[in-house]
Amino acid sequence: MPRKKNGSERPDLRAHFGLHVIPMTREIAVRDRWKHDIYEEVLADLKDTVAQRRSAAIIGPSGAGKSGILRSLADALPEARYRVHYVKVTDLSKRDFCREIAVALGSEPAGYYGALVRTIQQRCQSLLEQESLRPVILLDEAHDIRPDVLAILRVLTNFEMDSRLVVSVVLAGQSALRQLLRRDDLEAVARRIAHYASLRLLSRQETRHYVEHRLAIAGAKTDLFDSAAHDAVYEAAQGNLRAINRLALKSLEIAAAQRSKVVGADLVAAARLKVQP
Ligand SMILES: Nc1ncnc2c1ncn2[C@@H]1O[C@H](COP(=O)(O)OP(=O)(O)O)[C@@H](O)[C@H]1O
Ligand SMILES: [Mg+2]
Numbered sequence: 020m021p022r023k024k025n026g027s028e029r030p031d032l033r034a035h036f037g038l039h040v041i042p043m044t045r046e047i048a049v050r051d052r053w054k055h056d057i058y059e060e061v062l063a064d065l066k067d068t069v070a071q072r073r074s075a076a077i078i079g080p081s082g083a084g085k086s087g088i089l090r091s092l093a094d095a096l097p098e099a100r101y102r103v104h105y106v107k108v109t110d111l112s113k114r115d116f117c118r119e120i121a122v123a124l125g126s127e128p129a130g131y132y133g134a135l136v137r138t139i140q141q142r143c144q145s146l147l148e149q150e151s152l153r154p155v156i157l158l159d160e161a162h163d164i165r166p167d168v169l170a171i172l173r174v175l176t177n178f179e180m181d182s183r184l185v186v187s188v189v190l191a192g193q194s195a196l197r198q199l200l201r202r203d204d205l206e207a208v209a210r211r212i213a214h215y216a217s218l219r220l221l222s223r224q225e226t227r228h229y230v231e232h233r234l235a236i237a238g239a240k241t242d243l244f245d246s247a248a249h250d251a252v253y254e255a256a257q258g259n260l261r262a263i264n265r266l267a268l269k270s271l272e273i274a275a276a277q278r279s280k281v282v283g284a285d286l287v288a289a290a291r292l293k294v295q296p
């Protein structure tokens, strides 16, 4: 049993609640995901868009499940047909982004910007001519990308007059991505986005179902939150999946520390004081 610094015993969450894994964690296996219509419809549309060699954007607030959708999409595209490359925008420079694109296309990511652009263009041309693995680039946190860097996506499209590309790009980002794609200097990129999907935060009832699902996949046989606790989670987290995870997990930890088998609203209130807003 893990010991706190002051020496008191902190019961293991799993043992206390009879779970086989720690619930409400950030990482979740694609097969364990909550298959709510909100996500499954977006996922089906994205799969269709990519199957048609087109590009898409997913727009939604932080904690709406965008990165989760990208992971599910990567999982759903058969390895025999697609080469999927996930890129998270941090501080991508033009050269970094070109390197990522080159890797996605299976090319050597060597050289400076100009050389990389030529490599990418040649590779696009040869991919067009031969039937092979279709590259898919998933660009997460795309609202944070610099406009001049995003504009590079144009080089993927130079040859094809048609809107179908050799490469499908799926951009995921917060609402600033929509504004970014409205800029005049990104018009050529925006024209390639054949499908826009949006994700929203959960309602009160959905929040409850989400928590119940996350507890059930961790092995809970009964609901570990009472009704008022579910409401309190919703009131605090406002449907943001990441905030729900943190608050629910902290509530369970406090319940376990107090040897309580069910989380009530008082424990959620106590947990709220201990998690970042
Ligand atoms: N479909 C889902 N089923 C179960 N948990 C999910 C699902 N989508 C997201 N999550 C959980 O919510 C957290 C936040 O979702 P994420 O996709 O990272 O949101 P965003 O990228 O929009 O900020 C994830 O770390 C994961 O634990
Ligand atoms: Mg994300």
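Under the numbering used here, the residues of the sequence shown are numbered 20 to 296, in order.
From the three backbone atoms N, C-alpha and C, an ideal C-beta is built for every residue, glycine too.
Given the structure is predicted, the values throughout are model-derived calculations rather than measurements.
Exercise. Who are the Cβ neighbours of residue 201 in its own chain at under 8 Å, not counting the five residues just before and after it?
Worked result: As a first step, residue 201 must be located in the sequence shown, where it is residue number 182. The residues are 209.
Exercise. Do residue 292 and residue 270 have their C-beta atoms within less than 8 Å of each other?
Worked result: Translated into the one-based positions of the sequence shown, residue 292 becomes position 273. Translated into the one-based positions of the sequence shown, residue 270 becomes position 251. Between residue 292 and residue 270, the C-beta spacing is not below 8 Å.
Exercise. Per DSSP, which one or two residues make a beta bridge with residue 166?
Worked result: By 1-based counting over the sequence shown, the position of residue 166 is 147. Note: residue 166 sits in no beta bridge, so no partner.
Exercise. Would you call residue 240 buried or exposed, if buried means 16 or more other Cβ atoms sit within 10 Å of its Cβ?
Worked result: As a first step, residue 240 is located in the sequence shown; it is residue number 221 there, counting from the start. With a 10 Å radius around the Cβ and a threshold of 16 neighbouring Cβ atoms, residue 240 comes out exposed.
For this session: Could you check if residue 280 is buried or exposed, using at least 16 other CB atoms within 10 Å of its CB as the buried criterion?
Result: Within the sequence shown, the letter at position 261 stands for residue 280. Only exposed fits residue 280, as fewer than 16 other CB atoms lie within 10 angstroms of its CB.
Exercise. What first and last residue would you give for the beta strand (DSSP E) that runs through residue 107?
Worked result: Walking along the sequence shown from the start, residue 107 turns up at place 88. Segment 101 to 107, the beta strand (DSSP E) holding residue 107.
Exercise. Is residue 354 near ligand 1, going by C-beta to nearest heavy atom under 7 Å?
Worked result: A query on residue 354 cannot be resolved here, the shown segment of the chain reaching from 20 to 296 and no further.
Exercise. At which residue ranges does the stretch 32 to 107 contain complete beta strand (DSSP E) runs of 3 or more residues, listed in the order of the chain?
Worked result: Runs of the beta strand (DSSP E) inside the stretch 32 to 107: 74 to 78, 101 to 107.
Exercise. For residue 26, does the count of other Cβ atoms within 10 angstroms reach 16, so buried, or fall short, so exposed?
Worked result: Taking the first residue of the sequence shown as position 1, residue 26 is located at position 7. Residue placement at residue 26 cannot be trusted, given a pLDDT of 45 that sits under 50; what the coordinates show is reported in the next sentence. Taking all protein chains shown into account, residue 26 has fewer than 16 neighbouring C-beta atoms within 10 Å of its C-beta and is therefore exposed.
For this session: Pair every Cβ in the stretch 142 to 153 with every Cβ in the stretch 109 to 128, then say whether three or more of these pairs are closer than 8 Å.
Result: Judged by pairs of C-beta atoms under 8 Å, the stretch 142 to 153 touches the stretch 109 to 128, as three or more such pairs exist.
Exercise. When we look at the beta-carbon of residue 41 and count the other beta-carbons within 10 Å, is it buried (16 or more) or exposed?
Worked result: Here residue 41 is taken as the residue at index 22 of the sequence shown, counted from 1. Label assigned to residue 41: exposed.
Exercise. From residue 199 to residue 81, what distance separates their C-alpha atoms?
Worked result: Your numbering for residue 199 matches position 180 in the sequence shown. Your numbering for residue 81 matches position 62 in the sequence shown. Approximately 17 Å between the Cα atoms of the pair.
For this session: Measuring alpha carbon to alpha carbon, tell me which of 128, 99, 101, 105 ends up nearest residue 113.
Result: For the purposes of this step, residue 113 is taken as residue 94 along the sequence shown, with counting starting at 1. 128 is the residue among 128, 99, 101, 105 whose C-alpha sits nearest the C-alpha of residue 113.
Exercise. Ends of the alpha helix (DSSP H) at residue 282?
Worked result: Stepping through the sequence shown from its first residue, residue 282 is reached at position 263. Counting along the chain, residue 282 falls outside any alpha helix (DSSP H), and DSSP gives it neither H nor E.
Exercise. For ligand 1, is there a heavy atom less than 7 Å away from the beta-carbon of residue 79?
Worked result: Here residue 79 is taken as the residue at index 60 of the sequence shown, counted from 1. Residue 79 Cβ: within cutoff of ligand 1.
Exercise. Would you call residue 223 buried or exposed, if buried means 16 or more other Cβ atoms sit within 10 Å of its Cβ?
Worked result: Within the sequence shown, the letter at position 204 stands for residue 223. Residue 223 is exposed by the Cβ-count criterion.
Exercise. If you run the structure through DSSP and keep just helix, strand and coil, what is residue 129?
Worked result: Within the sequence shown, residue 129 is the residue found at index 110, counting from 1. Note: residue 129 maps to coil in three-state DSSP.
Exercise. Buried or exposed: which applies to residue 74, given that a residue is buried once 16 or more other Cβ atoms fall within 10 Å of its Cβ?
Worked result: Reading the sequence shown from its first residue, position 55 is the one you call residue 74. Around the beta carbon of residue 74, 16 or more other beta carbons lie within 10 angstroms, which makes this residue buried.
Problem set entry | Candidates 86, 99, 165: closest to residue 115 by CA position | Here residue 115 is taken as the residue at index 96 of the sequence shown, counted from 1. Per the Cα distances, 165.
For this session: Could you pull the start and end residues of the alpha helix (DSSP H) that residue 121 belongs to?
Result: By 1-based counting over the sequence shown, the position of residue 121 is 102. 113 to 123 is the extent of the alpha helix (DSSP H) around residue 121.
Problem set entry | Neighbourhood of residue 65 by C-beta distance below 8 Å, restricted to the same chain and skipping five residues each side | Start at 1 with the first residue of the sequence shown, and residue 65 comes out as number 46. Taken in chain order, the residues that qualify are 75, 77, 88, 92, 189, 214, 216.
Problem set entry | Alpha-carbon spacing of residue 54 relative to residue 231, whole angstroms | Counting from 1 along the sequence shown, the entry for residue 54 is found at position 35. Counting from 1 along the sequence shown, the entry for residue 231 is found at position 212. Take the alpha-carbon of residue 54 and the one of residue 231: they are about 13 Å apart.
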